[in-house]
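Novice: The structure's right below; bear with me while I get my questions together.
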């Protein structure tokens with residue numbers, strides 16, 4: 749089963765199940781993984797707030813977890829989800845709405 | 749531009765540009781990001797070895813970087829790549845070749 753690093757964390761990539769779009773990346777500790785598996789909705793560990801955080805707890809934009817993939821060394825996860833709304837707090841569908849172009853960040857059309 | 753955490757790292761998700769499959773997740777420091785941008789091939793920072801690591805440096809399975817996406821708070825990247833071969837050291841196309849089923853890890857068919 750998944751292994752956590754010295755800080756008790758692992759990286760979790762959230763991917764829209766149907767389109768494959770990467771929506772966000774966050775950290776999970778054992779508590780967040782257990783809460784995610786129990787509820788079927790994505791929970792993470794906020795490093796800045798030092799606490800369990802359910803995605804969508806204030807916005808309502810929860811992430812229904814369809815499948816959890818584990819990598820070869822078991823220290824990263826991919827959550828395949830169905831998103832109830834924009835995953836990003838900016839209102840964008842994905843947090844990855846910009847790309848690096850030379851020394852600038854360019855906003856993508858989507 | 750991207751921001752690194754207290755350890756000088758950020759999470760980098762590697763996604764096959766054409767299929768959207770997530771191939772691997774690794775860490776980058778400023779050196780790895782600079783080497784990636786300069787060479788057009790993915791470089792990471794190995795936490796266990798404490799050094800710059802070019803993906804495919806021994807296997808030849810390099811990752812040609814087509815695009816680098818940045819998330820809203822600029823502490824995670826998605827590298828859209830064309831993979832020269834299996835991304836995983838196990839020979840699997842993706843490091844995420846298993847999923848959690850109850851208390852077990854199940855190997856996917858791909």
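Residue numbers (our numbering), protein chains in the order written: chain A, 749 to 858; chain B, 749 to 858. In this text, a Cβ means the ideal position worked out from N, Cα and C, and glycines have one as well. For clarity, every value in this text was computed on a predicted model and none was experimentally measured.
Can you tell me the Cα-Cα spacing of residue 845 of chain A and residue 836 of chain A, whole angstroms?
Specialist: Cα to Cα, the separation comes out at about 9 Å.
Novice: Should residue 776 of chain B be flagged as near chain A, meaning a C-beta pair shorter than 8 Å?
Specialist: False, the Cβ-Cβ gap to chain A never drops below 8 Å.
Novice: Quick one: what does DSSP say residue 799 of chain A is sitting in, helix, strand or coil?
Specialist: Note: residue 799 of chain A maps to strand in three-state DSSP.
Novice: With H, G and I counted as helix, E and B as strand and the rest as coil, what does DSSP make of residue 781 of chain B?
Specialist: Here residue 781 of chain B sits in helix by DSSP.
Novice: Let me check understanding here. Comparing Cα to Cα, which of A:770, A:793, A:787, A:806 lies closest to residue 779 of chain A?
Specialist: When only C-alpha atoms are compared, the closest one is A:793.
Novice: Can you tell me whether DSSP reads residue 786 of chain A as helix, strand or coil?
Specialist: Residue 786 of chain A: helix per DSSP, three-state reduction.
Novice: Are the C-beta of residue 847 of chain A and some C-beta of chain B separated by less than 8 Å?
Specialist: At least one chain B Cβ lies under 8 Å of residue 847 of chain A.
Novice: Return yes when the C-beta of residue 793 of chain A is under 7 Å from any heavy atom of the ligand FMN, and no when it is not.
Specialist: Of ligands this structure carries none, so the ligand FMN is not represented either.
Novice: Taking 8 Å as the threshold (beta carbon to beta carbon), is residue 787 of chain B in contact with chain A?
Specialist: With 8 Å as the cut-off, residue 787 of chain B does not count as an interface residue toward chain A.
Novice: Any beta carbon of chain A sitting closer than 8 Å to that of residue 818 of chain B?
Specialist: True, the Cβ-Cβ gap to chain A drops below 8 Å.
Novice: Indicate whether the contact test is met: 3 or more Cβ pairs, each with one atom in the stretch 813-831 of chain A and one in the stretch 818-835 of chain B, closer than 8 Å.
Specialist: Flag = no, the stretch 813-831 of chain A and the stretch 818-835 of chain B do not touch.
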